[in-house]
Every structure is written in C-alpha cells, then in structure tokens.
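Inspection log for the structure reproduced underneath, given as structure tokens.
There are 6 protein chains.
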Amino acid sequence: MFSVTVREHLMIAHSFRGEVFGPAQRLHGATYLVDATFRRAELDADNIVVDIGLATKELAGVVAAYNYRNLDEEPDFAGVNTSTEYLAKVVADRLAERVHAGALGEGARGLAGITVTLHESHIAWASYERAL
Amino acid sequence: MFSVTVREHLMIAHSFRGEVFGPAQRLHGATYLVDATFRRAELDADNIVVDIGLATKELAGVVAAYNYRNLDEEPDFAGVNTSTEYLAKVVADRLAERVHAGALGEGARGLAGITVTLHESHIAWASYERAL
Amino acid sequence: MFSVTVREHLMIAHSFRGEVFGPAQRLHGATYLVDATFRRAELDADNIVVDIGLATKELAGVVAAYNYRNLDEEPDFAGVNTSTEYLAKVVADRLAERVHAGALGEGARGLAGITVTLHESHIAWASYERAL
Amino acid sequence: MFSVTVREHLMIAHSFRGEVFGPAQRLHGATYLVDATFRRAELDADNIVVDIGLATKELAGVVAAYNYRNLDEEPDFAGVNTSTEYLAKVVADRLAERVHAGALGEGARGLAGITVTLHESHIAWASYERAL
Amino acid sequence: MFSVTVREHLMIAHSFRGEVFGPAQRLHGATYLVDATFRRAELDADNIVVDIGLATKELAGVVAAYNYRNLDEEPDFAGVNTSTEYLAKVVADRLAERVHAGALGEGARGLAGITVTLHESHIAWASYERAL
Amino acid sequence: MFSVTVREHLMIAHSFRGEVFGPAQRLHGATYLVDATFRRAELDADNIVVDIGLATKELAGVVAAYNYRNLDEEPDFAGVNTSTEYLAKVVADRLAERVHAGALGEGARGLAGITVTLHESHIAWASYERAL
Numbered sequence: 000m001f002s003v004t005v006r007e008h009l010m011i012a013h014s015f016r017g018e019v020f021g022p023a024q025r026l027h028g029a030t031y032l033v034d035a036t037f038r039r040a041e042l043d044a045d046n047i048v049v050d051i052g053l054a055t056k057e058l059a060g061v062v063a064a065y066n067y068r069n070l071d072e073e074p075d076f077a078g079v080n081t082s083t084e085y086l087a088k089v090v091a092d093r094l095a096e097r098v099h100a101g102a103l104g105e106g107a108r109g110l111a112g113i114t115v116t117l118h119e120s121h122i123a124w125a126s127y128e129r130a131l
Numbered sequence: 000m001f002s003v004t005v006r007e008h009l010m011i012a013h014s015f016r017g018e019v020f021g022p023a024q025r026l027h028g029a030t031y032l033v034d035a036t037f038r039r040a041e042l043d044a045d046n047i048v049v050d051i052g053l054a055t056k057e058l059a060g061v062v063a064a065y066n067y068r069n070l071d072e073e074p075d076f077a078g079v080n081t082s083t084e085y086l087a088k089v090v091a092d093r094l095a096e097r098v099h100a101g102a103l104g105e106g107a108r109g110l111a112g113i114t115v116t117l118h119e120s121h122i123a124w125a126s127y128e129r130a131l
Numbered sequence: 000m001f002s003v004t005v006r007e008h009l010m011i012a013h014s015f016r017g018e019v020f021g022p023a024q025r026l027h028g029a030t031y032l033v034d035a036t037f038r039r040a041e042l043d044a045d046n047i048v049v050d051i052g053l054a055t056k057e058l059a060g061v062v063a064a065y066n067y068r069n070l071d072e073e074p075d076f077a078g079v080n081t082s083t084e085y086l087a088k089v090v091a092d093r094l095a096e097r098v099h100a101g102a103l104g105e106g107a108r109g110l111a112g113i114t115v116t117l118h119e120s121h122i123a124w125a126s127y128e129r130a131l
Numbered sequence: 000m001f002s003v004t005v006r007e008h009l010m011i012a013h014s015f016r017g018e019v020f021g022p023a024q025r026l027h028g029a030t031y032l033v034d035a036t037f038r039r040a041e042l043d044a045d046n047i048v049v050d051i052g053l054a055t056k057e058l059a060g061v062v063a064a065y066n067y068r069n070l071d072e073e074p075d076f077a078g079v080n081t082s083t084e085y086l087a088k089v090v091a092d093r094l095a096e097r098v099h100a101g102a103l104g105e106g107a108r109g110l111a112g113i114t115v116t117l118h119e120s121h122i123a124w125a126s127y128e129r130a131l
Numbered sequence: 000m001f002s003v004t005v006r007e008h009l010m011i012a013h014s015f016r017g018e019v020f021g022p023a024q025r026l027h028g029a030t031y032l033v034d035a036t037f038r039r040a041e042l043d044a045d046n047i048v049v050d051i052g053l054a055t056k057e058l059a060g061v062v063a064a065y066n067y068r069n070l071d072e073e074p075d076f077a078g079v080n081t082s083t084e085y086l087a088k089v090v091a092d093r094l095a096e097r098v099h100a101g102a103l104g105e106g107a108r109g110l111a112g113i114t115v116t117l118h119e120s121h122i123a124w125a126s127y128e129r130a131l
Numbered sequence: 000m001f002s003v004t005v006r007e008h009l010m011i012a013h014s015f016r017g018e019v020f021g022p023a024q025r026l027h028g029a030t031y032l033v034d035a036t037f038r039r040a041e042l043d044a045d046n047i048v049v050d051i052g053l054a055t056k057e058l059a060g061v062v063a064a065y066n067y068r069n070l071d072e073e074p075d076f077a078g079v080n081t082s083t084e085y086l087a088k089v090v091a092d093r094l095a096e097r098v099h100a101g102a103l104g105e106g107a108r109g110l111a112g113i114t115v116t117l118h119e120s121h122i123a124w125a126s127y128e129r130a131l
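Chains as they are written, first to last, in numbering that gives the first Met the number 0: chain A, 0 to 131; chain B, 0 to 131; chain C, 0 to 131; chain D, 0 to 131; chain E, 0 to 131; chain F, 0 to 131.
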C-alpha cells in the first residue's frame, strides 16, 4: 500500500458545549496543522499516488473555506461541537467529494482511501480515516 | 475510524542484558516522548473520541509511576529488558486498565483500541497497538 | 552565556484591525506554542540557570490567564492588535514581573534576560527579547 | 502488534517526465528523511522487535547506495520516475532483501512487515507498506 | 528586540568542488527549509514587525527564482560552491533588496536586520545574519 | 555572521543533589538532542563555515565519551550537578579544545564562537554560548 501526505494549516475560533470541555466552553481558537493522506494499492501511470500539486491545491481549497473564521457562526456547523476529531472528518469528506468530482485528476479516481490528521498543539492531535 | 492522540514524556534510567544491546548494557537513561492514541469507529454524544482532559490526566498518571526512576530497580520489571517497544506495551496496557475501570469517562468504554508510541530520540521510536 | 527554555501552549480567539491583516480582520483564533528562554552569564549554586520546575509553573500561570479566551474581550488588550509579536512581549513582561517578585526563586534574581517565542503555525513564529 | 522505526536521510538529484510534474521536470533535488518501520506480532527472546543497531546500519547501507547521486543516471532507475512514493518502495524492498538474507539478525526473520516513509519537505511525505 | 519568522522550502540540485566535500562533489540535491527572520526594536503602527503576508510572498518569490533548478547551471553561481551557509546569505541579501525597494511595505523600512536559516536535513542547518 | 549547526544525541543516567530538583534527585536518565553551532564572520576558501563532515565526526566523538553511561560515576563530574545547561557547557568546551587542536581542519581556526543546545524533552532545552 502506498500513500502521499500533504500539510496545510487552519486558524479558527470556536467554542464547545458540554461540561466535558471545561474552559474550552468559552470562545477560544486554534491553529490546526492539517495533514491529508491519500492511499492506493498501486501507483498510477506517472509512478505516483496522486498529483501532489493538485492535492496541495485542493487541500488548501478545503481549508480556505473555514480559515480565519469563527466556526460557531458557520451554518455548516450549527449545533455541532467542532472538535478536532470531527473537523478531521469534515476535511476528509470534503476532499473525498473533490476526488470523486475529478478535481485531483483522473488518476486520483484510483485512490483507495483518505486519512486526515489535525494537530491542535504539539501535544494533541486527532485523525479520521475513510475509504473512497 | 477516528483517533485522538495526547503526548507526555518520561525520563528514566535502565540497562539491558544481552550482547545485542552493545554499550546499552551499561546503566544509562532515556527521555521518552510518549504518544497515546485512542481509536473508535464513531464519535460519542459530545462529538469526541475521548475526553482529552481525562486522557491527558490518565496518561500523565501512568507515566508518573515510572518517571525519574531507575527501571532496573522496579519490581514490575525484574528480569525484563525494558526496551522501548516493551515499555510502549506497558503504557498501553496500563491505559487499557484505566479505560476499563472507567477513569477515562463512561463514553470511553466505546473505545476500540489504543496505540502507544515511545520516541527514544529524534531518530528512533517504537509502538505497540492493541484492542480494548 | 547560559540559557534554559521551557514550552507551553495557548489557545485563543481574536481579530485584527487594519487592512494589512486581510482575512485575519475576521474573528479567528490560534494555538501558540510559547517558548520562554531565561538567560544568565553564570550558573547558580545548584549549577542551573533557573529552577525548571518553577519556570514551567510560572510560564503556565502566565499563559493560563489568557488560555481559552477571546482576546478581543480582555480589558488588558482593549484597542490593541494582539499580534504574535505583541503577545510575545506580553508573556515576557509578565514573566519578568514574576522573576522580580521572587516567584522563580531567589536564585532567579541573577537572570540577565528573557526571550519569548510564540509559534502561530509550523511556518510562522515571532519573538521578543528583553533584559531583566 | 509491535513496531520499531529508525530514521536516516538521503540527498539526491533527479528530474521527472510527465506534464503532471510541472517545474519538477527540470533537474532538481531533494533531501529525504527516510523512516523505516519494522513490525511483528510478538517480541523476540531479547524483548525487542529488531536489533536497533543492525536496523540502523542496514538502513544506512540501503541509503548509501543512492546518497549524493543523480538518480537520472542510476541504471536501477532507467526510464522510471523516481517519485517519493516509488523511492519509499525501493527502500522497503531493499530492506526486505536484507532481512531475508539474515543481515538484521536471526531474530529478524520473525518480522511481519516493513513500512518506509520518505519526507521530501516539512509539508509533504510518502509511504510504502509491505509484508515480509 | 522583536522578530518575526516565516518558513518556505526549496528543492535544488548542485555539486561542490573541493576535497573537503567528499561524496558531495558528485551532482546531488537538497530540500532546504528556509526560515527568514525579520528584526526591529519597536513595533510599527499596526503593532507588528512586518506584514507577514508580504513577508511570506516575498520569501516565496526569492525562493522561486532557484526552486526546481540545478544551481551548477545558474549564472548567478558560476564558479561558486553553493553551500548551505552561502545560500543563506543569498536569500538574506535578496530579501534585503526587496525590503529596501519597498516590497515588504513602507513600515518594513524600519526593520533593523534579517537572519536566514536553511535546514538541509533534520541534523544539519546553517544561518546568515545581517543588518538592514 | 554565518553559522552551521549539526545534531547528535546522547543517552545517559544521572541524579541531582539539592531540594530544588524534587523527584529528579532520584537516579533517572535522559536523551539529549545535542546541537552544536559554529560561528564566524566570513566564509573560508571553500565557501563554508566548517567542514560539516569533520564537525559531525568531532561532535559524535565528544558525545561518545559520555554516551550510555551513568554520569554519577564519571570522575569528570564528581560532586557536580550535571544539569542540562552544565552539560551544554561541557560539550561546547570539549568542541573548543578540538577546534584549537586542529581536529576540525585548519580553516576552523577562523571560527569565532560555539553554541551548544541540549534538548532534554520536547518542552525543555538549554544552551551555552562561548567565544573561541
């Protein structure tokens, strides 16, 4: 199994609802390092997993939709706790849509899966892994 | 599949028995960066994998039992080579006990597995992965 | 010249005023890795720059005052752009007050200076350096 | 499942053929951080996955064969795009040959698999995973 | 003293002349992580050291002039050993020209100095520091 | 001013004397990442600060003298608290001796200074800087 990973980052404000979150129930924020991993069993005709230029561009596009925003005010996230693990799924699902729409190139239709990891600090990170 | 990882560190002395260890047969020591990853298929009612505050607290508790110690003198490790990979298993098993005892919260009973990675330097690390 | 550095982190929301900030004029947030460096010409009687336990505790105390907050609503920062470089100065000045008040131990009165670095992402960071 | 990883690095020149590579079709180069992970279900009689000294030595040997070279002129790679993901497979396959030849010790014959990750920058990396 | 640092990267081929370089006399290559630090004594009217957006754009522009190239064939470097430390100076001097030309904004004319660090691997890096 | 830095690591056991050290008064250990920085105002005839091969070899030699040892039993450190900051000075002084003895090459006699940084974990490090 082969994989390729590209990294972006995302700076947002948000708050959480639920006692489990303690002081993070207040409006605060985070920088997320966003790592998107694309997997497949065999390389394509160019000997690659995915066009790394397109992968970087599409990941940047997904991230840009939320960058420099207060997630509490985003309609997509109404009534949702935008935890690191949940946001990893959001990024992975958006990337999957772009793969299926052909935005990562025709060769990318051979991708088997995507994993997205969001690092919220040097001591905590979360991942979501899905098939394509 | 979702996961959340938290990082702690551990500073210990120890020695190894067996020619394969070369100069590491002498009493020496290590700083281990300890990454504990908790996995589950679905998020809980708070939209998280595990309470990251409790996960951090319990990992710190597991690490504290061995921190600033000479492992050669710990009864738990009598006659055992406390290799990085072995210590990864020790930390994972101790965390599993705490999950089963409810120390990571009721929601954590839905966890599917734990992986622990110990970095012994910038050029070597080891992991142990288990189900819950 | 000797120095010792300890790392903490800080998660806040804020916004900027001024066209130079572009999309960062919107309410967003950041995780800052906060590195505090303490400098002196000679080691103290214990052969150290500063008690690393106290340094860590006091840095954590300084950071806790702003952690999980919206800096736009903090009276300390009314009418101020809380840029990364400005926040580095805030942390350094708060630490200097604590050094002068004896919170880092009597030996710490021999410190010559403090540098604080805040990393806002893997590709951008800022520092402030001052004498004591 | 246990694993041990060791890190080396490799500095090479090469070029790519195919429009997908854009400016990387020109002769350029890369530093690859090369992480080799060895996996097995149970530890051996010394309580380890593999002799980390031998693992480091053999990874260095594999890397040395290509280090400080122009891959475009290496007979092994004639007509091949030496992408990061492809090179990860090359390193993994060379390590597998050495495991099978006994170069990583008799105990290493119990290894279940190898994963090799090549980091081409702080924002892009690729992996190849195989059984032994 | 305040500073702000931004990071880019650069992938090039080159070779060295001189026995001191050993195997690096062959055509090979490197990924350089390029950190550009801008320093000044006081913040500007926006409470910043430099417009981080412009700093990032101009550093990217400086790097782009050499990216994906064989430095042995660049007229700028004819007869020159393009060592990591030398390239750090090249990047710093190009940035200084851009500061003086106003490309980093009018406020950037108040900058006191620039330091550029190039990381050639996880175990080696070089810097050049200059006044403005 | 130019500089070049190379990284090694060191794994030792030791203990501290003095209440300030708390639990670190017990026999424990550490992995130190050891960064040695060599500085000079002008590059030498080969366009470098120092032969990076020799710098790496000599740093490794300095580190090897203490690697895999219990510093409490080293005659060099009898009655001394081997704090991270103190060990940074030890490494810097040993390197300075080697520079003066010509072990880093004739060109290295032009070096102006050395800084050594020891990282004891991902959240704490110490440095010592000296002239040559």
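Note that beta-carbon positions come from the ideal geometry of N, C-alpha and C, so glycine has one too.
Contact holds between the segment 93-103 of chain B and the segment 50-69 of chain B, because three or more Cβ pairs, one in each stretch, are under 8 Å apart. Annotated three-state conformation of ALA125(D) is strand, per DSSP. In this structure the segment 116-130 of chain C touches the segment 27-36 of chain C; the number of beta carbon pairs closer than 8 Å is three or more. At a cut-off of 7 Å between beta-carbon atoms, PHE1(E) makes contact with chain C. For the segment 8-60 of chain B, the full-length beta strand (DSSP E) segments reaching 3 residues or more read 27-39 along the chain. Straight across, the Cα-Cα distance linking ASP45(A) with HIS121(E) is about 29 Å. Annotation: ALA107(D) to GLU7(F) spans about 27 Å, alpha carbon to alpha carbon. Per the coordinates, the alpha-carbon of GLU18(B) lies some 34 Å from the alpha-carbon of LEU86(D). Within chain E, the residues PHE1, SER2, VAL3, THR4 and VAL48 have their CB atoms less than 8 Å from the CB of ALA125(C), given in chain order. Between the C-alpha atoms of PRO74(A) and GLY109(C) there is a straight-line separation of about 55 Å. Where VAL98(E) is concerned, the enclosing alpha helix (DSSP H) starts and stops at 83-99. Across the set GLU84(A), GLY101(A) and LEU26(A), the C-alpha of GLU84(A) shows the shortest separation from the C-alpha of ILE47(B).
HIS27(D) counts as buried, since at least 16 other C-beta atoms from the protein chains shown sit within 10 angstroms of its C-beta.
Contacts between VAL33(F) and chain C, judged by CB atoms closer than 7 Å, are missing: the closest CB pair is about 15 Å apart. Against chain C, the beta carbon of LEU26(A) has neighbours under 7 Å at ALA12 and ASN69, listed in chain order. Scanning its chain for C-beta atoms nearer than 8 Å, with the 5 sequence neighbours on each side dropped, one finds around GLU41(C) the residues PHE1 and GLY109, in chain order. Residues of the same chain with a CB within less than 6 Å of the CB of PHE15(F), apart from the 5 flanking positions on each side, are ALA23, GLN24 and ASN80 in chain order. VAL79(E): not part of any beta strand (DSSP E); DSSP gives it neither H nor E. Residue pairing by DSSP places ASN66(C) in no beta bridge whatsoever. Rounded to whole angstroms, VAL98(F) and ARG39(F) show a C-alpha spacing of 13 Å. Using a Cβ-Cβ cut-off of 7 Å, ILE113(A) does not count as an interface residue toward chain B, since no Cβ of chain B sits closer than that to its own.
Taking a beta-carbon distance threshold of 7 Å, GLY17(E) counts as an interface residue toward chain F. Identification of chain B residues near ALA59(F) by a Cβ-Cβ cut-off of 9 Å yields none; the smallest Cβ-Cβ distance measures about 13 Å. In the same chain as ALA102(F), and ignoring 5 residues on each side of it, the C-beta atoms closer than 6 Å to its own belong to GLU57, in chain order. Of all residues in the segment 79-99 of chain E, only VAL79, ASN80, THR81, SER82, THR83, GLU84, TYR85, ALA87 and LYS88 come within less than 9 Å of chain F when Cβ atoms are compared, listed by chain position. C-alpha of GLU128(B) to C-alpha of VAL62(B): approximately 18 Å in a straight line. Here the alpha carbon of LEU131(E) sits roughly 14 Å from the alpha carbon of VAL49(E). The Cβ atoms of ALA123(B) and VAL90(D) lie no closer than 7 Å to each other. The beta carbon of ASP45(F) falls within 7 Å of a beta carbon belonging to chain E, placing the residue at that interface. For GLU73(F), the three-state secondary structure derived from DSSP is coil. Just so you know, the alpha carbons of PHE37(D) and SER82(B) end up roughly 15 Å apart. Taking a Cβ-Cβ cut-off of 8 Å, the neighbours of GLU119(A) in chain C comprise MET10 and THR30, given in sequence order.
Under the three-state reduction of DSSP output, ALA130(C) falls in the strand class.
One finds GLY21 in chain E with Cβ atoms closer than 7 Å to the Cβ of GLY52(F), taken in chain order. Cβ contact annotation for ALA59(E) (same chain, cutoff 8 Å, sequence separation greater than five): GLU7, in chain order.
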